[in-house]
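Enquirer: Below is a structure I'd like to ask you about.
2 protein chains.
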Amino acid sequence: MLNDTPGQSIPEETRRRVLEAVRQLDYRPRGSARSLAAGRSDVILLSIPHLSIGPSIGRFVEQFAASLADAGLTLVTHLAGAPGQALPDVCAAVDASVVASLEPIDDDTARTLRRAGATIVFTTEVEAHPTMRQMGHLQAEHLIGLGHRRIGYAMPEHKLLRKIADDRFLGVADACAQAGIDPPVALDTKFDTAVMARAARRWRRESVTAVCAYNDEVAISLLAGMRRAKLTAPEDLAIVGADDIPLAQVADPPLSTIAFDLEKMGRSLAEAVVASLSGGRPRVSPPAFQPHVIHRAST
Amino acid sequence: MLNDTPGQSIPEETRRRVLEAVRQLDYRPRGSARSLAAGRSDVILLSIPHLSIGPSIGRFVEQFAASLADAGLTLVTHLAGAPGQALPDVCAAVDASVVASLEPIDDDTARTLRRAGATIVFTTEVEAHPTMRQMGHLQAEHLIGLGHRRIGYAMPEHKLLRKIADDRFLGVADACAQAGIDPPVALDTKFDTAVMARAARRWRRESVTAVCAYNDEVAISLLAGMRRAKLTAPEDLAIVGADDIPLAQVADPPLSTIAFDLEKMGRSLAEAVVASLSGGRPRVSPPAFQPHVIHRAST
DNA sequence: CTGAAAGCGCTAACAC
DNA sequence: GTGTTAGCGCTTTCAG
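Protein chains in written order, with UniProt numbering: chain A, 1 to 299; chain B, 1 to 299.
This is the structure in C-alpha cells:
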C-alpha cells in the first residue's frame, strides 16, 4: 500500500489512518538500504563547473531540481574542478544513478563513472557544448550585423573557466569566418580597472571596434577600464557580454548580452535524465535553450 | 588489508600488486552498501540558501569540500528554499551523516533531520548567524567612524534573501544604537537604475549621508542609480557593500565592502563536522571568519 | 491479492 | 592474525 500498488481493496478509513500515521512520524526510507535493495538510487548528481557559480546557474539548478523532484528523483550537486573529492568518488559515495554535468566530462572519468555500479552517465555534452558555441556565435553575429568588421574577445581571468571560454570563443571565430572578416583578437582580462583600460587601448590600436566578453562580469570590468581610459561604449568600442546577470541592466551603459532560458534548460535536462533512466537515449531535446541577444546601449 | 589494518604481515610484493590491481580497476565500494553495513555514511550534505549563490560561496564550498575530503568525507550540496525536494528528503536519500547549513535550520526540520536515522544535524547557526550580524555592524561602524550620523540600509530585492538581510540589518541597527544615532532608514531595492536613482534621492531627502547595502550587487546597483541622479559617492552619499565580489574592485568609484576569510570559514566548518562525527560538540571555533572592512573610494 | 523469504554489497564482530 | 558469518533496511520475487 505504501508503494501505491494499483488494484487494492483497503478500506478508505484505514488507508487514511495509515497514511496519517506515516505523515506524523514522517518516516523516510533510508536511501542506502533502498538503493542497495532496488539496485537503483534515484539520486542524481549534478557536477557544476568550479567557480562559475552565479545567479544564472542558480536558476537553472532550481528548475532542474524541481523537475527531477516531480519524477521522484533527488538532486545533489558537486563542485567540480576544485581540490577535494573527484566526481567518481562522490558518485560512488552517494551511489548516484545519473550524473549530469554542465561541462564535458572527459572520457576517462566518464568510463569510470559508467563502470561504477551500473551508474548511468549523462552529460549535456551533446547539446550544451554547441550552446556555449552558439552564444559566442550570437555575440559576434550581433556585432557584425551592426557593421563591425574587426572584433576582439575578452577571455576570463580564471583558467578553470578556460574550457567554457574556448567554446564560446570558437563560436565567435566561427561567425567571423562566416562573415569573411578577420579572426577575433583575444586578450586576457583581470578584475582591475587599470589592466582593462590597457586592454581597451590595445584593442583600439589593433583597429578593433567591438569586443565580445566571455561573460557579463568581464564585460562590466571592461566597461570600467574604458571609462578610465576615457573611452565610451559603444562609440569607441562596442561591448557585448554573456549570461545576462542582474548587474548587466545597471551597467553604464547598460550591457547588451546573450541570455537563454535557464528554466527551460533545467526542465529539458531533467526530462533527459528521466528518459535515460527508463532506457531512453540520454539526450536533451534540441530546441531547449534558445539563446538570444538582449540589445542594450553598450552596442 | 584494503582497510589498512595495522600489524599485518603481507609480503611487500603481494601488497603492491593487490593495490595496483585495485587502482587499475579503480574499484570503489558502493556507498549505499557501505553505509548500510557500517551504519554511517561519510556523506556530508551542505544546504545552501536559495539564490544567494555567488563567487564568495563558491570559494567557501571548495575549501569546505577539500577539508572534508582530507578526513575521508564526501560533500554534496543542496539548494535550499527552492521548490523541489526538501532538505530532510535529500538527507534521507543520500543518507547523510551530517547536514551543514549556512542559514539557520528551523527547529521542525532540525528535529526531522535528527530523527532520520541517527543523522547528526549540524548548523552554522551558532556562529554564522552572529557573523552576518557582525558584517552589518562593521559596515555601520565604518561609516560612523567617518563621521556619518544618519545611515540608510539598502535591502535586497529577492525576498528569499530576507532572513540573511534581516540579520545584517540588525547589525547595522545595533551599531547605530551603540553610537547613539538614529536607527537606519531601510529602503527596498531593485536592479533598475531608475528605481535606485529614486531611492538615492529619497535617502538624501531624509538627510541620510551614507548607506549600507545588503551586498555588493545592491551597492553597485545603487551606485548606478546615483550616477543617474547626478549624485556622486562618497560626497553625496557614501556607500559600503558586503561580500567583496570581484566586481566591487571595478565599480565606479571602487566599492568599500566587508570581506571575510571564506577559506578559513570552510576549514573551520569542516573541523566542526569532523568533531561532531567523533562525538564532539558541533561547534565552530570562534575566531573563524574575521570579517573586516576593505576601504575603497566609495566611502 | 497478500504474506514470507531471499538477498542487494558491504562491514563488524566473531570464532578459528 | 586470519577467515567466516550475520545482518544493516529495504525491495522484489515467489509461494500461498
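Think of the CB as a built atom: it goes at the ideal place given N, C-alpha and C, for glycine as much as any other residue.
As the structure is a prediction and not an experimental result, all values here were calculated from the model.
Using a threshold of 8 Å, state whether the C-beta atoms of residue 28 of chain B and residue 92 of chain A are closer than that.
Expert: Numbered from 1 along the second sequence, position 28 holds the residue referred to as residue 28 of chain B. Numbered from 1 along the first sequence, position 92 holds the residue referred to as residue 92 of chain A. Yes. Within cutoff.
Enquirer: According to DSSP, is residue 152 of chain B helix, strand or coil?
Expert: Position 152 of the second sequence, counted from the start, is the residue given in the question as residue 152 of chain B. Note: residue 152 of chain B maps to strand in three-state DSSP.
Enquirer: Pick out the complete alpha helix (DSSP H) segments inside the stretch 185 to 231 of chain B, 4 residues or longer, and give them in chain order.
Expert: Complete alpha helix (DSSP H) runs here, min 4: 193 to 205, 216 to 228.
Enquirer: Starting from residue 257 of chain B, trace the beta strand (DSSP E) in both directions and tell me its first and last residue.
Expert: Sequence index remark: in the second sequence, residue 257 of chain B carries index 257 (1-based). 257 to 259 is the span of the beta strand (DSSP E), which, as asked, contains residue 257 of chain B.
Enquirer: Can you tell me whether DSSP reads residue 299 of chain B as helix, strand or coil?
Expert: The residue you call residue 299 of chain B lines up with position 299 of the second sequence. Looking at residue 299 of chain B - three-state DSSP - the assignment turns out to be coil, as it is neither helix nor strand.
Enquirer: Starting from the C-beta of residue 125 of chain B, find all residues in its chain whose C-beta is less than 6 Å away, skip the five residues before and the five after it, and write them out in chain order.
Expert: Counting from 1 along the second sequence, the entry for residue 125 of chain B is found at position 125. Note that residue 125 of chain B scores 49 on pLDDT, short of 50, meaning its location in the model is unreliable; the coordinates nonetheless yield the value given after this. Hits under 6 Å: 104.
Enquirer: Tell me the residue span of the beta strand (DSSP E) that contains residue 100 of chain A.
Expert: Residue mapping note: residue 100 of chain A aligns to position 100 of the first sequence, counting from 1. Unbroken beta strand (DSSP E) run through residue 100 of chain A: 98 to 101.
Enquirer: What residue does the beta strand (DSSP E) around residue 237 of chain B start on, and which one ends it?
Expert: Position 237 of the second sequence, counted from the start, is the residue given in the question as residue 237 of chain B. Run containing residue 237 of chain B: none; DSSP gives neither H nor E here.
Enquirer: As a quick exercise: from B/179, B/89, B/195, B/237, pick the residue whose alpha carbon is nearest that of residue 250 of chain A.
Expert: Mapped onto the first sequence, residue 250 of chain A falls at position 250. Cα-wise, what sits closest to residue 250 of chain A is B/195.
Enquirer: Kindly list, in the order they appear in chain A, the residues whose Cβ is closer than 8 Å to that of residue 220 of chain B.
Expert: Numbered from its first residue, the second sequence carries residue 220 of chain B at position 220. Correct list: 247, 250.
Enquirer: Beta carbon of residue 174 of chain A, beta carbon of residue 132 of chain A: below 8 Å?
Expert: Position 174 of the first sequence, counted from the start, is the residue given in the question as residue 174 of chain A. Position 132 of the first sequence, counted from the start, is the residue given in the question as residue 132 of chain A. Contact flag unset, no.
Enquirer: By how many angstroms is the C-alpha of residue 224 of chain A removed from the C-alpha of residue 235 of chain A?
Expert: In the first sequence, residue 235 of chain A corresponds to position 235, counting from 1. In the first sequence, residue 224 of chain A corresponds to position 224, counting from 1. Whole-angstrom Cα-Cα distance: 15 Å.
Enquirer: Residue 79 of chain B and residue 94 of chain A - do their beta-carbons sit closer together than 8 Å?
Expert: Sequence index remark: in the first sequence, residue 94 of chain A carries index 94 (1-based). Sequence index remark: in the second sequence, residue 79 of chain B carries index 79 (1-based). Not a contact, by the Cβ cut-off of 8 Å.
Enquirer: Tell me whether residue 241 of chain A is buried or exposed, calling it buried when 16 or more other Cβ atoms sit within 10 Å of its Cβ.
Expert: Numbered from its first residue, the first sequence carries residue 241 of chain A at position 241. Residue 241 of chain A comes out buried.
Enquirer: For residue 153 of chain B, which residues in the same chain have their Cβ closer than 6 Å to its Cβ, ignoring the five residues on either side in sequence?
Expert: Within the second sequence, numbered from 1, the residue matching residue 153 of chain B stands at position 153. Counting only Cβ-Cβ distances below 6 Å, and skipping sequence neighbours, we find 169, 172, 184, 186, 212.
Enquirer: Strictly below 8 Å CB to CB, what residues from chain B border residue 272 of chain A?
Expert: Reading the first sequence from its first residue, position 272 is the one you call residue 272 of chain A. In chain order: nothing, as chain B lies at least about 17 Å away.
Enquirer: Determine, using beta carbons only, whether residue 291 of chain A and residue 215 of chain A come nearer to each other than 8 Å.
Expert: The sequence position of residue 291 of chain A within the first sequence is 291, counting from 1. The sequence position of residue 215 of chain A within the first sequence is 215, counting from 1. Going by C-beta atoms, residue 291 of chain A is not nearer than 8 Å to residue 215 of chain A.
Enquirer: Which of helix, strand or coil does DSSP assign to residue 126 of chain A?
Expert: For the purposes of this step, residue 126 of chain A is taken as the residue at position 126 of the first sequence. Legend: pLDDT at residue 126 of chain A = 46, less than 50; position of this residue unreliable, no value from coordinates given.
Enquirer: Report the rounded CA-to-CA distance for residue 63 of chain B versus residue 278 of chain B, giving the unit in angstroms.
Expert: As a first step, residue 63 of chain B is located in the second sequence; it is residue number 63 there, counting from the start. As a first step, residue 278 of chain B is located in the second sequence; it is residue number 278 there, counting from the start. So the alpha carbons of these two residues sit roughly 21 Å apart.
Enquirer: I think residue 238 of chain A touches residue 209 of chain A, with their Cβ atoms under 8 Å apart; what is that distance to the nearest whole Å?
Expert: Here residue 238 of chain A refers to the residue found at position 238 of the first sequence. Here residue 209 of chain A refers to the residue found at position 209 of the first sequence. Rounded, the Cβ-Cβ distance is 7 Å, consistent with contact.
Enquirer: Could you tell me the distance, in whole angstroms, from the CA atom of residue 66 of chain B to the CA atom of residue 100 of chain B?
Expert: For the purposes of this step, residue 66 of chain B is identified with residue 66 of the second sequence, where counting begins at 1. For the purposes of this step, residue 100 of chain B is identified with residue 100 of the second sequence, where counting begins at 1. Their Cα atoms are separated by approximately 15 Å.
Enquirer: Count the other CB atoms, across all protein chains shown, that sit within 10 Å of the CB of residue 106 of chain B; report buried if there are 16 or more and exposed otherwise.
Expert: Your numbering for residue 106 of chain B matches position 106 in the second sequence. Burial call: exposed.
Enquirer: Identify the contact partners of residue 193 of chain A in chain B, using a Cβ-Cβ distance below 7 Å as the criterion.
Expert: Counting from 1 along the first sequence, the entry for residue 193 of chain A is found at position 193. The contacting residues are 250.
Enquirer: At a Cβ threshold of 8 Å, is residue 205 of chain A touching chain B?
Expert: Position 205 of the first sequence, counted from the first residue, corresponds to residue 205 of chain A. So, not an interface residue.
Enquirer: Measure from the C-beta of residue 125 of chain B to each C-beta in chain A and report whether the shortest distance is under 8 Å.
Expert: Position 125 of the second sequence, counting from 1, holds the residue named residue 125 of chain B. Confidence is the limiting factor: at residue 125 of chain B the pLDDT is only 49, short of 50, which leaves the residue's position unreliable, though a coordinate-based value still follows. By this cut-off, residue 125 of chain B is not an interface position.
Enquirer: With a Cβ-Cβ cutoff of 8 Å, do residue 46 of chain B and residue 74 of chain B count as a contact?
Expert: Numbered from its first residue, the second sequence carries residue 46 of chain B at position 46. Numbered from its first residue, the second sequence carries residue 74 of chain B at position 74. No, Cβ-Cβ distance for residue 46 of chain B and residue 74 of chain B is not below 8 Å.
Enquirer: Measuring straight from C-alpha to C-alpha, what distance separates residue 115 of chain B and residue 40 of chain B?
Expert: Here residue 115 of chain B is taken as the residue at index 115 of the second sequence, counted from 1. Here residue 40 of chain B is taken as the residue at index 40 of the second sequence, counted from 1. So the two alpha carbons sit approximately 14 Å from each other.
Enquirer: Note down, in chain order, each residue of its chain lying with its Cβ closer than 7 Å to the Cβ of residue 293 of chain A, except the 5 sequence neighbours on either side.
Expert: For the purposes of this step, residue 293 of chain A is taken as the residue at position 293 of the first sequence. Here the set comprises 138, 142, 256, 258.
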